[in-house]
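In mature numbering (1 follows the signal peptide of the UniProt record, and there is no 0), the protein residues as written are -22 to -1, 1 to 106.
Quick reminder that beta carbons are idealized off the backbone N, C-alpha and C, glycines included.
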Amino acid sequence: MKGDSSRLFATAIPAAMLLVQADCSIWNLEVQQKQTGWLRGIPVYQVSVINTCLRPNGCMLGNIHLTCGDFNTSFPVIPAILRRLSFNDCLLWDGAPLPMATAAYFDYGHSEPYPMRISSVTCIPQDT
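Set out below in structure tokens:
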């Protein structure tokens, strides 16, 4: 039975899709966060989301969603950079792809840092 379900999975997904899924993943993204200063007595944090993929053909990762709690900042973050969609769901770069070895940055002000982690990502096929 175990072998049958594995075969069904493999036949239900096109081979190209399996290749893309095997070549990049949520693990190709790293989130770093650090306090960088103060603004009107409120800590300012910088968040970096880094595409760490080192494949020769690269890895384009798009539709990057972060956990972000009830994200609210004391100064505006440009929505095209980070947009809160709902509780604990923020979208980076309006879903645009983050190329290999590239980082996206944004700053926010809040009394304490929000625990931000990658919650989902889409692997975008590359021309070979």
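Item, Value
"Please report the distance separating the alpha-carbon of ASP67 from that of PRO91.", "16 Å"
"If we call anything under 7 Å between Cβ atoms a contact, is MET38 one with ILE96?", "no"
"Give the secondary structure of residue 113 by DSSP, where H, G and I count as helix, E and B as strand, and everything else as coil.", "Only positions -22 to 106 of the chain appear in the structure, and residue 113 is not among them; the question remains open."
"Let me know the secondary structure DSSP gives GLY73 once reduced to three states.", "helix"
"Does the beta-carbon distance from TYR83 to TYR23 come in below 7 Å?", "no"
"Along the chain, where does the beta strand (DSSP E) containing CYS101 start, and where does it finish?", "96 to 102"
"For the beta strand (DSSP E) that HIS88 lies in, which residues bound it at each end?", "Looking at the DSSP string, HIS88 is not in any beta strand (DSSP E), and its letter there is neither H nor E."
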